[in-house]
Amino acid sequence: MFGLLARRLAAALPTLAGVIVVTFLMTRALPGDPAAYFAGPAATREAVEEIRRQLGLDQPLWVQFGDYLADLARGDLGLSITTGQPVLADIAQRLPASAELTLIGLLIAAGFGVPMGVAAALRPNSWVDHLCRVIATAGVSLPTFFTGLLLVYVFYYQLGWAPAPLGRLDAFSSPPPQVTGFYLIDSLLAGDIETFTGAAAQLALPALTLGIFALAPIARMTRGSMLSVLSSDFIRAARAAGLSGNTIVIRYALRNALLPVVTTLGMVLSFLLGANVLVEKVFAWPGIGSYAIEALIASDYAPVQGFVMAMAILYVALNLVIDLAYQAIDPRVRIEA
Amino acid sequence: MSASAAAGGTVGHIRHVLSENPVTGLSFGLFGLLVLTAILGPSLVPYDPLASSDAALAAPSAKHWFGTDNLGRDVFARVVVATRLDLGMAFAAVALVFVTGTLAGVAAGFLGGWTDRIVGRVTDTIMAFPLFVLAMGLVAALGNTIANVIYATAIINFPIYARVARTEANIRREAGYIEAARLAGASTLAVMLFEVLPNVLPIMMVQVSLTMGYAILNTAGLSFIGLGIRPPTAEWGIMVAEGAGYIVSGEWWIALFPGLALMLAVFTFNLMGDGLRDIVDPRRRT
Amino acid sequence: MISRRHILKAGTAAALGTVASAPAIHGAAAQSRRETLLLISENPPNSTDIHGVGTNRPAYEASWNLYDRLMTFGVKKDANGVDHYDYTKLEPELAESWNQTPTSVTFKLRRDATFHDGSPVTAEDVKWSFDRALAVGGFPTFQMRAGSLEKPEQFVVVDRNTIRIDFIRTDKLTMPDLAVPVPAIYNSGLAKRNSTAADPWAMEWLRANPAAGGAYRLERWVPGQEMVFARFDGWRSGKRPDLARVIWRIVPQAGNRRALLERGDADISFDLPAKDFQELAAARRLKIVGTPVENAMQYIGMNVNRPPFNDVRVRQAIAFAIPYQRIMDQVAYGTAVPLFGGPAQPADATWPQAHPYVTDLDRAKALLVEAGYANGFETTFSFDLGLASMNEPISVLVSESLARLGIRTTINKIPGANWRNELLKKEMPLITNTFGGWLNFPDYFFFWAYHGQNAVFNTMGYQNAEMDALIEKSRFTQNEAEYTDAIKGFVAKAFTDVPRIPLFQPKLMVAMRDNIDGYRYWFHRQLDYRVLTKG
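Those sequence lines, one after another, are chains S, F and X.
For the first sequence, position 48 (counting from the first letter as 1) is numbered 51 according to my numbering, and the numbering increases by one without interruption.
For the second sequence, position 118 (counting from the first letter as 1) is numbered 124 according to my numbering, and the numbering increases by one without interruption.
For the third sequence, position 81 (counting from the first letter as 1) is numbered 84 according to my numbering, and the numbering increases by one without interruption.
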């Protein structure tokens, strides 16, 4: 097991190296000039040059890259111009917000997607099947930024059911004492039901927006996986043995069909983490996605590099966990290193 | 199974799939409509999509079916005219990645060795990026043009194509007809291009339809945050972004209609992709 | 200059501090809602230290409310009955009195004044703060110099409660310059304890940790999301503020900001689109106040050093081709004062004032033909993407109008981060931009925007000896009539040569709920929490 872990990590290293190089080159090619920013509005060209020298931006690219690697090795991701904070602190503070939103979105998607997939698989090519397919496809066809705006307009502005889109909590409450960074869990740990319901209400619309988007892959995977399990020998045997339909579906078929679905969930999760960028922007969600967008638009190098690094590491870690989990569940699977 | 053996039953199979799955038929109909709009739209619309007027922010009416925007431009005309640009950009991106991704994937799967390792590393690296942010970064870094939006969209779709093509080529590596071609004295390159590639293509075509939807969403998302399209060009994503500020003040039509058009286009391609998969690759369905 | 490692440490400490303080405020939140102001804006402050490198505009607001200055400006009512700072009246803040002679000014500090940590404010603190503003370079140093405050030797500690500032020359800007946001008074003892050998002015620490004594102290700061201020009950430099707390939240989506205000979930905001201000004012659901921003304008700039805009006839043709009224109606929505269709010659010595051009495509065409561009030309029209909500519709309307003359424009959106850089290069042929000066003098505006020194704000690269002479004369003459003539002279010249075409003078708009009173317009265009009340 440890050997496998080590081998997988070693295999991930070139990927991470690629990410670091590409991100570095990409951010250096951004059109903005931090020196002009730091020099202030009334600066002359000479003043900007002076600042550029102080920031080391006049050095050849490879020297700057060396500095960047050295900083990275010390765990220093640099400083954000926009927030004025170290990128590492910003990301550590914002990552739980994104993770909580994405996980709840995934839960919503799975909560609807799995039953839909099962229903479709039980009666393939019936109207139920077609309906499920149309709903799931419609969900993935909605641009998330558009869904988000629409939901805010209807549920907050018109109906007043949802709370103001002000981020993770309404302005007059304070975050629960930090344990996990997930407000839902932290507020429960603190025994603060009021904050819990508040945080849940704030989460509802953005999580729904994400959930709608993630419905299709989960429903599709469940359907396919259920179909193949339902046509397998052991289900036929169970039917022949006279077990009732419900027992077969729930106890035998679904259980076996869920394995590939769980793998898909991992993929969908990492996909969603990247896709929630626009959702965060619409809902003023203080996650790392909106952080990255603002930084990119402001040509703020460090946060963009930090964000991409964090996401790449997450991606590698997530895939590793899925592989290991998959192997633990199903020993027949052998993973090539 | 060789390609020619499958061809005989294809028409019957399509008919069978369509009768079993009316939704696919619907999607083909919608696709036709979209293509017609893209081709004929600009010559059919009643107003110049770029002309401002004093009738700003007018609600939908018989005169302006989808209302007018903040500068008095006809939203219907803009939504219709934008079809060509949005589909065109997505199509260009998909065509680009279809060619490069398929070739790279087939080479990796068929040749193996170093080619496989390099293609594998490139796809892994791209996959490790948060894709939308990678696309944003590329457009911001390379310059704010339509061409760069297309390149960025192609790049983030590259892994899907390369991986599928690699798997399909790998399966066929040891197939009998490949062995036969080899024994007949064909070079490795010729075998790859003339024997493996044609057999992989139908499956790749399915990917085209599936990724078209994603490509449309991606280009619209980029222009939503202000990248790519220059004003006053009409484009769905930028129209939604501009209209977003007017929803709360009651002028919902500016964002809603381009949003619906965007959704309809993506919906069509996704449904059609599903349907095509059933036709081309019946194995996967069950 | 910017040591990333040090900043990293400072920031981590600050983050821990905020977490620890969170539970304490919790219970008090609901009952104090009436005394709490919820302010929403688009962009977050990136510092609390106005001397900091790269400090952004929202951070000025944090500094203004957290820190005190020696003096502040008085207040008057403007034409609409709104409180407006009074440039002519200096009033005590940390200094309780002062004595000005031709060569120096001596300030007596309040004896009861303390910083937030309880330590008394002394003359040493004032000297340290002013020395720091001169030492750190960049914007603060530049602003101090604008008032002839250039050398540390000018700041003399007389005794514990007395500080003297020696003048190096007679400058009408010295005294007012001591009341702008930059010369804030820092708690030097606290700051020094948190400085390092590499960072003697505690730049890194002060970014997130105010060493201040102003009317509000920093209760919580979550960078990029919110800043929470609590009233400092030991404040003696003015009338006790009405608001016990101010919560400043960042809401990036404009539609959401309007929804929050309309539904009564937020109290006040500057950041709404012009159209929303117009509608909300008409609907009377919120209180809307608009004050013309002094010495500021939105304009079209042309690069006078390159063809075709090096030909004055082409520039005049463009000035006749701008769809002024449509821009007022469909872009500014009444939140601006028009600057076109004025008299042929400047009527008075004010600035900004309306130029004589109106939309007249026939005259524009005639001028183009005369200049040899009967078939028009191709050019690029650039603007700052950061201010797209105004700039983009302006550029679209202008391009459309120019197309009627055969002038084909490509619209080029430049990301905010790169805009200043592009301005410095002075290569863009045609732009729309906005510029305003803090100090409300016509000669100040012209010195930056039209003078041959070719500062970055002279975006057109305009250089003209006659213009320079008039600007110089107005800056240094002591004769009132000469001053008026010089101003009328350079305004007339600016309109004939027309390197820039003024469009309108923007208004600083603010929307607030009905129960908010006491709003005051400041030249720095930030909100002053100390004077606001919530009924």
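The beta carbon of each residue, even a glycine, is placed where N, CA and C say it ideally should be.
Check, Outcome
"Minimum Cβ-Cβ distance from S/PRO351 to chain F less than 8 Å", "Because chain S here runs from 4 to 340, residue 351 of chain S falls outside it and cannot be looked at."
"X/ILE444 (DSSP reduced to helix, strand or coil)", "In the sequence as displayed, the identity of residue 444 of chain X is Phe instead of Ile. Of the three classes helix, strand and coil, the one that applies to X/PHE444 here is coil, per DSSP."
"Own chain partners of X/LEU263 with C-beta closer than 7 Å, once the 5 adjacent residues on each side are dropped", "ILE43, VAL254 and ALA269"
"Through-space distance from X/ALA458 to X/PHE280, alpha-carbon basis", "34 Å"
"Residue ranges of each alpha helix (DSSP H) within the stretch 255–327 of chain X, 4 or longer", "257–265, 277–286 and 315–324"
"Cβ-based burial, S/VAL24 [other Cβ within 10 Å; buried from 16]", "exposed"
"Where F/LEU195 falls, given that 16 or more other Cβ within 10 Å makes a residue buried", "exposed"
"Validate contact between the stretch 212–221 of chain S and the stretch 263–273 of chain S using beta carbons, cut 8 Å, 3 pairs", "yes"
"Alpha-carbon spacing of X/TYR522 relative to X/LEU535, whole angstroms", "6 Å"
"Near-chain F residues of the stretch 124–152 of chain S - C-beta to any C-beta below 7 Å", "ASN128, HIS133, ARG136, VAL137, THR140, ALA141, VAL143, SER144, LEU145, PRO146, PHE148, PHE149 and LEU152"
"Integer Cβ distance of X/ILE188 from X/ARG72, believed to fall under 8 Å", "7 Å"
"Residue-chain proximity (X/GLN301, chain S), Cβ-Cβ < 8 Å", "no"
"Cβ-based neighbour list, X/ILE291, same chain, cut-off 6 Å, excluding 5 preceding and 5 following", "PHE280, LEU283, ALA284 and ALA514"
"Validate contact between the stretch 163–179 of chain S and the stretch 133–142 of chain S using beta carbons, cut 8 Å, 3 pairs", "no"
"Neighbouring residues, chain C, relative to S/ILE296 (Cβ below 8 Å)", "Given the protein chain composition of this structure (S, F and X), no chain C is represented."
"Any C-beta of chain S under 8 Å from that of X/ASP268", "yes"
"Endpoints, the alpha helix (DSSP H) within which S/VAL51 is located", "48–57"
"Identity of the residue in X/VAL78, X/TYR532, X/ILE504 and X/GLY293 nearest X/VAL315 by Cα", "X/ILE504"
"Interface flag, S/THR183 vs chain F, CB-CB below 8 Å", "no"
"Inter-stretch contact at 8 Å, needing at least 3 Cβ pairs: the stretch 360–371 of chain X / the stretch 94–114 of chain F", "no"
"Neighbouring residues, chain X, relative to S/THR85 (Cβ below 9 Å)", "ASN46, PRO47, ASN49, ASN59, PRO226 and GLY227"
"Collapsed DSSP secondary structure at S/PHE185 in the structure displayed", "coil"
"Closer than 8 Å to chain F by CB, S/ALA102", "no"
"Identity of the residues DSSP links to X/ALA98 by a beta bridge", "X/LEU112"
"Under 7 Å from the C-beta of F/LEU223: neighbouring residues of chain S", "PRO146"
"For X/ASP488, the nearest candidate out of X/LEU473, X/THR499, X/PHE479 and X/VAL501 (CA to CA)", "X/LEU473"
"Cross-chain neighbours of S/MET224 in chain F, by beta carbon under 8 Å", "Under the 8 Å cutoff, chain F gives no residues; its nearest Cβ is about 12 Å from S/MET224."
"Environment of S/PRO99 [buried if 16+ CB atoms lie within 10 Å]", "buried"
"Interface flag, X/ALA391 vs chain F, CB-CB below 8 Å", "yes"
"Cβ-based neighbour list, X/GLU425, same chain, cut-off 8 Å, excluding 5 preceding and 5 following", "SER385, ILE417 and MET431"
"CB contact check: X/ARG243 to chain F, cutoff 8 Å", "no"
"8 Å Cβ cutoff, F/LEU77 in contact with chain X", "yes"
"Below-8 Å beta-carbon distance, F/ALA226 vs any chain S residue", "yes"
"C-alpha gap between S/ALA203 and S/THR105, whole angstroms", "13 Å"
"Where F/GLN213 sits in the DSSP three-state scheme", "helix"
"Interface partners of F/GLY251 on chain X, CB under 7 Å", "ALA257, GLY258 and PRO276"
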